[in-house]
Every structure is written in structure tokens, then in C-alpha cells.
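Undergrad: Sharing a structure below in C-alpha cells format, with a few things to ask.
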Amino acid sequence: MKISPFKIEEWMNRYEAGALYDLTTTCIKPLTLRELMNINNSSSYAEAEFSKIFDTSLSYGDITGSERLKNNIKSLYSNQELVNITVTHGAIGANQLIFYSLLEKGDEVVCIVPTYQQHYSIPESIGADVKLYFLKEENNWLPDIKELSKIVTSKTKLLCLNNPNNPTGAVIPNWLIEELVEFAKRNNVWVLSDEVYRGLNLIGNPYSISIADIYEKGISVGSMSKTYSLPGLRLGWICAREDLINEINHQRQYNTISVGVVDDFFASIAIENKTAIQERNFNIMQLGMKTFSNWLTNEPLVECVIPNGGTTALVKYKKDMPSRELCRRLQNRTGVALLPGETMEMEGYVRIGFCAIALKPALDLFSEFLHQ
Ligand SMILES: Cc1ncc(COP(=O)(O)O)c(C=O)c1O
28 MKISPFKIEE WMNRYEAGAL YDLTTTCIKP LTLRELMNIN NSSSYAEAEF SKIFDTSLSY
88 GDITGSERLK NNIKSLYSNQ ELVNITVTHG AIGANQLIFY SLLEKGDEVV CIVPTYQQHY
148 SIPESIGADV KLYFLKEENN WLPDIKELSK IVTSKTKLLC LNNPNNPTGA VIPNWLIEEL
208 VEFAKRNNVW VLSDEVYRGL NLIGNPYSIS IADIYEKGIS VGSMSKTYSL PGLRLGWICA
268 REDLINEINH QRQYNTISVG VVDDFFASIA IENKTAIQER NFNIMQLGMK TFSNWLTNEP
328 LVECVIPNGG TTALVKYKKD MPSRELCRRL QNRTGVALLP GETMEMEGYV RIGFCAIALK
388 PALDLFSEFL HQ
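Residue numbering for the sequence shown follows our numbering, beginning at 28 and increasing consecutively.
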């Protein structure tokens, strides 16, 4: 099966490792295992849990996720049972399984962009008829139902969105999620909501409502990578209605078997200590956002709608240069790595990870470059 190059991942594979300042990142400084086990400051807890995993047989484990983990994932929703959950190889595995389980050649899919490229390139590769709906800066990067209704029809099978959004950092307010659900119901469409940044709202409750809790055709994708700072676990999940989960598990036999007992175990530890991780991450996010906002205020050659969640911002730059060239030259000259907008179908923009380490000197170097 042919599929388009995954532009973001290709760019990051090529440029991220060599960066002196990596602002391409979407992760909040990943935790070490020691940090994770000590996150609640109890050495007896860490010892007891470590001894459990050291004595666990490295079998395939529970195929679709242990009961402990599924119960922990269930606790992140308000209206779900264990049969509504399956565990996957990251959110990337989750998204792929959903497309393979739901779509056939000729199905109509509407995808809200900018987003993670999987959401349109996998459906395209299956032979679906994919329509892109571009979010607008003047609408604070939020979907407009009037505009969406010109694209989504009763022929549409699946609507894909990402909330909070990568790259814009926009968080769809709960009232708008509810309106989107009403709209989806009217058109009888499935909604895939990639919620890997759920829990990272900067304003109000860190967790927005999940689509799976309020819509029977709502599919939520979650992950340990962003909210829990554990991308190395390679663990995600899908939460959806039982018949779809059964169909996904049928597909899943062919590419997952299980995620492994080690990843499953540490993911449970993380969710059980989510408040402490959240606190740590919120501090990093707030510091990053302060630095980023100060920079925006003082830098006339950029414009940006300030994110209210997630870990990234989409920045429009005032320099007559394509984004790939700008990022290549910037990195060659200064060591600062940014993600070119073109890799997200957003030419004229760059993505900045505002939780990155050494954000301030990197932004100063970017400013110097813009003014040259
Ligand atoms: C919106 C979105 N979905 C999915 C993924 C993949 O996440 P995971 O590490 O859980 O596979 C990413 C990673 O950046 C992402 O930003």
C-alpha cells in the first residue's frame, strides 16, 4: 500500500538530533524512570512498585491491556467501562487502527487541519475521499460549524480532529465540543478526536470533556507521550463504544499482540500519580508560556494566537522565505530547530514547542535571524 511521506516525522528524524536548541519538540521534558517512581516522594512506594515489576514475568501480558491499566484509563473518562478501552502502541498505533477498522475505499472523510498528518494521509492511502477543513487564525484556530457544514454532509463517514490542537495549541471549549457533537449527530458521522494533549489545558480544568463521554460515535485517542511525559513507553489507547473496540481488537491482532508488561506497568504508575505529574508539567508549561508571550510582545516580525493548552504554538513570520528554507538556514546558523509550517500544510508559519528546554536563548537567536 502506497502512502505519502509523513512530513513532520521525516523532518524531525533529520533535524532534531543535531539541534542545539530543539524547539520542534511536542513533549514536556520526558521523565526518567527514577523521576516517575519518585514523583510522589515516597521511597517505600517506589521500592514496593519496583520490586513488583522486577518479579513480573516478561510474557506478552494481558493482550489488550491489564485490568489495572484499563481501570486507570477508565478513570480519565466519566462514562466508560473496561470494554470501551483498548491499549495500543502509542497514539500513532491507535489512530492507524481506527482508520483501518472504520474505513474502506470511497468513504468520505473530513479532516480538520492543521493536525497530525496520519489523520489525512492514512485515509487517503486507504482510498477514502478526504476533504480538508482549514482552521483559521482569525477564528483563534477553532472550528466554525457553519463553515464545517459546507464540507461535512450525510455522506461523510468520519470527521477527524485534534483537541487540544497540535500545532496551534488551541483548546476547543466544552460548549463548542458539545455543538460539534450535535452537528455530528445530525450528520450521523463518527468523530475521531485525537486527545493526546488532553490534560494540558493552561486555563481552567486541565482536562476538557472527552468526545467518547458525550457521543456514542465519538472515538477518543489518548497517550502517555504528552500529558504524562512518557513518550518512550510507546503506549496509547482508544476509548470508544464496545462494538467498535471489538472491531479494532480484531484488526489489532495483526499488528500489536500486546504493548508489553513493562510499558503497561509504568503507564499505570503514571496515571495513578497523575496529579503530581500534572503539577510538574503545569509549572514547565507556565514558565514556557511566560517566556514565549514576552518574546511575542517584543518581536514585531512574528504573529501568533497565544495557545491555551497543548505544548506548541503556530507562529506566522514576516520574512520572505519558504518555511523549510527558513528552518534549514536558522538551524545551520544558530542550532535552533523549528518545525516548518509546510510540513503541516501551513506555509508561512513555523511551529514552536513552548515547553522546550532553553527556550529564551533559542527565541532570541530566532529573532536575530529574522532581523538579519
Ligand atoms: C496529535 C498527535 N497525535 C498522535 C501523536 C503520536 O503520539 P504517540 O507518541 O502516542 O504515538 C502525536 C505526536 O506528536 C501527536 O501530536
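Even glycine gets a Cβ: it sits at the ideal position worked out from N, Cα and C.
Bear in mind that the values here come from a model prediction, so they are computed numbers and not experimental data.
Roughly how many angstroms lie between the CA atoms of Glu165 and Ser250, to the nearest whole one?
TA: Whole-angstrom Cα-Cα distance: 30 Å.
Undergrad: Determine the extent of the alpha helix (DSSP H) in which Val289 is found, giving its start and end residues.
TA: Note, Val289: alpha helix (DSSP H), 288-299.
Undergrad: Where are the beta strand (DSSP E) runs, 3 residues long or more, that stay fully inside the segment 222-288, in chain order?
TA: Counting whole runs of 3 or more residues, the segment 222-288 contains the beta strand (DSSP E) stretches 245-250, 263-266.
Undergrad: Who are the Cβ neighbours of Asp134 in its own chain at under 6 Å, not counting the five residues just before and after it?
TA: Excluding sequence neighbours, Asp134 sits near Ala155, Lys184.
Undergrad: For Cys354, does the three-state DSSP call read helix, strand or coil?
TA: Correct three-state label for Cys354: helix.
Undergrad: Can we count Pro170 as close to ligand 1, meaning its CB is less than 7 Å from some heavy atom?
TA: Answer for Pro170: no, Cβ out of range of ligand 1.
Undergrad: So is the beta-carbon of Ile139 under 7 Å away from any non-hydrogen atom of ligand 1?
TA: Result no, Cβ not under 7 Å from ligand 1.
Undergrad: Using a strict less-than 6 Å threshold between each residue's beta carbon and the heavy atoms of ligand 1, what residues do you get?
TA: Counting every residue whose Cβ lies closer than 6 Å to a heavy atom of ligand 1, we get Thr53, Gly117, Ala118, Ile119, Tyr143, Asn189, Asn193, Asp221, Val223, Ser250, Ser252, Pro258, Gly263.
Undergrad: Taking the C-alpha atoms as reference points, what is the distance between Gln280 and Lys301?
TA: Taking the straight line from one Cα to the other gives about 30 Å.
Undergrad: What's the gap between the Cα of Arg360 and the Cα of Ser256?
TA: C-alpha separation (whole angstroms): 30 Å.
Undergrad: What residue does the alpha helix (DSSP H) around Phe396 start on, and which one ends it?
TA: Residues 386-398.
Undergrad: Counting only the same chain and skipping the five closest in sequence on each side, list residues whose C-beta sits under 6 Å from that of Val329.
TA: Same-chain partners within the cutoff: Val342, Tyr344.
Undergrad: Which residue comes first and which comes last in the beta strand (DSSP E) that contains Lys158?
TA: Taken as a continuous stretch (DSSP letters only), the beta strand (DSSP E) holding Lys158 covers 156-161.
Undergrad: Report all residues from its chain with a CB closer than 7 Å to the CB of Ser320; omit the five preceding and five following residues, and keep chain order.
TA: Same-chain partners within the cutoff: Ile333.
Undergrad: Could you check whether Leu229 and Asn335 sit closer than 8 Å to each other, using their CB atoms as the reference points?
TA: Yes. Within cutoff.
Undergrad: Could you spell out the range, first to last residue, of the alpha helix (DSSP H) harbouring Asn98?
TA: Element bounds for Asn98: 94-101.
Undergrad: Confirm, please, whether the CB-CB distance from Asn214 to Val248 is below 8 Å.
TA: Contact: no.
Undergrad: Look up Ser31 in the DSSP assignment and say whether it is helix, strand or coil.
TA: In the structure shown, Ser31 sits in coil (DSSP, three-state: anything other than H, G, I, E or B).
Undergrad: From this set, Ile246, Ala297, Cys354, which residue's C-alpha is nearest Arg61's C-alpha?
TA: Looking at the Cα atoms, Ala297 is the closest of the given residues.
Undergrad: With contact counted as at least three CB pairs below 8 Å, one residue from each stretch, are the segment 364-374 and the segment 34-42 in contact?
TA: Yes, the segment 364-374 touches the segment 34-42.
Undergrad: For Asp240, tell me which candidate among Glu151, Asn106, Val208, Asp290 has the shortest Cα-Cα distance.
TA: When only C-alpha atoms are compared, the closest one is Asn106.
Undergrad: Can you list, in chain order, the residues of its chain whose CB lies under 7 Å from that of Gly380, leaving out five sequence neighbours each side?
TA: Excluding sequence neighbours, Gly380 sits near Leu50, Thr51, Thr52, Thr53, Thr338, Thr339.
Undergrad: Is Gly88 closer than 8 Å to Thr113 when the C-beta atoms are compared?
TA: Result no, Cβ atoms of Thr113 and Gly88 do not sit closer than 8 Å.
Undergrad: Within the continuous alpha helix (DSSP H) that includes Lys79, where are the two ends?
TA: Run containing Lys79: 70-81, per the alpha helix (DSSP H) assignment.
Undergrad: So what's Val377 in DSSP terms, helix, strand or just coil?
TA: Looking at Val377 - three-state DSSP - the assignment turns out to be strand.
Undergrad: My understanding is that Tyr160 touches Val208, with C-beta atoms under 8 Å, so please give their C-beta distance in whole angstroms.
TA: With 8 Å as the limit, Tyr160 and Val208 do not qualify as a contact, their Cβ atoms being about 17 Å apart.
Undergrad: My output table needs one value for Tyr344: the three-state DSSP class, helix, strand or coil.
TA: Note: Tyr344 maps to strand in three-state DSSP.
Undergrad: Return the CA-CA distance between Asn276 and Tyr48, expressed in angstroms with no decimal places.
TA: Distance between the alpha carbons of Asn276 and Tyr48: 40 Å.
Undergrad: At which residues does the beta strand (DSSP E) containing Glu135 begin and terminate?
TA: Counting along the chain, the beta strand (DSSP E) containing Glu135 begins and ends at 135-140.
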